[in-house]
Amino acid sequence: MFTGMHNRGYYLRPDRPLLFSRPPVPAVIHVQGLIFVAPAALIDGKARAAQLSVSITESAAELFETHGIRPGLAVVIVGDDPASKVYVRNKQQTAETCGFHSVQHALAADSSQESVLALLTELNADPAIHGILVQLPLPDHLDEQLITQSVAPEKDVDGFHFQNIGKLTAGQTEGAFVPCTPAGCMLMIEDQLGKDLSGLNAVIIGRSNIVGKPLASLLLKANATVTITHSRTSDLPAVCRNADILVAAVGRPNMVKGEWIKPGAIVIDVGINRIQVSEGGKIKTKLTGDVDFEEVSKVAGAITPVPGGVGPMTIAMLMANTVASAKRAANISD
Ligand code: NAD
């Protein structure tokens, strides 16, 4: 029997201070014959992203004062998907707060492929634009791959161009753009466990090109032992129970249960799901992750909430990539 602080991050890296904040109410929890005190620490992505935004704003101001360069971000949205509109608005607002030159191109849902490609050609050639983001998903009649590969690699702040993916896969992140969501996840993991993840098992649920695969490259670069799981993985709970670091990027509400978690693991919930809940006799839409927060927070060492976890970090990393791009374009070292 063990009684004590339930904090795997602490046991994994007793030499390193923990940066996450604990929820105020401790609890006594019984897991697999062990007694744990205190629920998981909350990894506050919103606060971390706000901290990053301050330094990005300072970098942008310095770039303008010393070199007359204002980082420029262009966001292209095609169609009326409500969730995409919210994401684009948040990105644009953050860009403005950081002092960027921020432009949005909202195209009609029935825009032709030629018109989208023509806009990208224009933005690729515009010296005031350092970062271009095409909000996904695109309407079905558009070729998503052709469009994402038509963004100039040196302005591809989303990190979706094959040139940037290739560099990341080869472990060469210097001078490449790392996709924003995996980059944000990685920063939160490093905050908990440090930059060297030697000896730790990381399990990612989801093998998408925008989250699962690039995150695997980043975790491998940090020396973690990485397993990517997906819809065809057999006995997923057993694989997850081996994870010191578990990342869920699936798109299935509350799929990951408490019994899937190794006590003390770091759990990063990438999923954003809109579910209907009944509140005061009214049906409301609520955001929830892929992780059953209530169950998992009783077993994990630290966990990201949804909302307020990975989402804000994704936007902060987009801003960081845009400033980096503006500096690279002017041959200014970081
Ligand atoms: P995707 O649909 O491209 O990929 C989903 C992955 O989940 C696939 O690899 C699939 O094999 C796997 N999967 C599906 N069902 C499964 C199951 N039952 N068991 C195990 N694996 C299963 O999705 P995506 O674009 O990677 O996004 C995943 C989630 O993350 C979505 O909810 C999305 O909204 C969210 N997301 C959030 C952010 C953010 O900034 N927070 C960014 C990107 C994506």
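Residue 19 is where the sequence shown starts when you use our numbering, and the numbers rise one by one after that. Cβ atoms here follow ideal geometry from the backbone N, Cα and C, with glycine treated the same way.
Can you name the residues that DSSP bridges to D287? Numbered from 1 along the sequence shown, position 269 holds the residue referred to as residue 287. For D287, which the question treats as bridged, DSSP gives the partners A266.
So, helix, strand or coil for R66, using DSSP? Position 48 of the sequence shown, counting from 1, holds the residue named residue 66. Of the three classes helix, strand and coil, the one that applies to R66 here is helix, per DSSP.
Along the chain, where does the beta strand (DSSP E) containing K302 start, and where does it finish? Here residue 302 corresponds to residue number 284 of the sequence shown, with the count starting at 1. Run containing K302: K300 to T306, per the beta strand (DSSP E) assignment.
For ligand 3, is there a heavy atom less than 7 Å away from the beta-carbon of R270? No copy of ligand 3 appears in this structure; the ligands present are ligand 1.
Should T199 and V341 be called a contact, given that it needs their Cβ atoms to be closer than 8 Å? On the sequence shown, residue 199 is found 181 positions in, with the first residue counted as 1. On the sequence shown, residue 341 is found 323 positions in, with the first residue counted as 1. Cβ distance not < 8 Å, so T199 and V341 don't count as in contact.
State buried or exposed for L186, treating a residue as buried only when at least 16 other CB atoms are found within 10 Å of its CB. Position 168 of the sequence shown, counting from 1, holds the residue named residue 186. It counts as buried.
Paired residues, beta bridge with A124 - DSSP: Counted from its first residue, the sequence shown places residue 124 at position 106. Answer is I95.
Three-state secondary structure (DSSP) at V274? Here the question's residue 274 lines up with position 256 in the sequence shown. It is a strand residue.
Where R346 falls: helix, strand or coil (DSSP): Here residue 346 is taken as the residue at index 328 of the sequence shown, counted from 1. In the structure shown, R346 sits in a helix (DSSP, three-state: H, G or I).
Rounded C-beta distance between V96 and S129? I'm assuming under 8 Å. Here residue 96 refers to the residue found at position 78 when the sequence shown is read from its first residue. Here residue 129 refers to the residue found at position 111 when the sequence shown is read from its first residue. V96 to S129, Cβ: 6 Å. Contact.
Whose CA, out of N108, M337, V94 and L156, lies closest to the CA of T75? Translated into positions along the sequence shown, residue 75 becomes position 57. Checking every option, the nearest Cα to that of T75 belongs to M337.
Among Q122, F180 and M331, nearest to N227 - alpha-carbon criterion: Mapped onto the sequence shown, residue 227 falls at position 209. The shortest C-alpha separation from N227 is found at F180.
Smallest Cα separation from D62: which of V152, C203 and P171? Here residue 62 is taken as the residue at index 44 of the sequence shown, counted from 1. Looking at the Cα atoms, C203 is the closest of the given residues.
So who's on the other strand from R292, going by DSSP bridges? In the sequence shown, counting from the first residue as 1, residue 292 sits at position 274. Looking at the DSSP assignment, R292 forms a beta bridge with L305.
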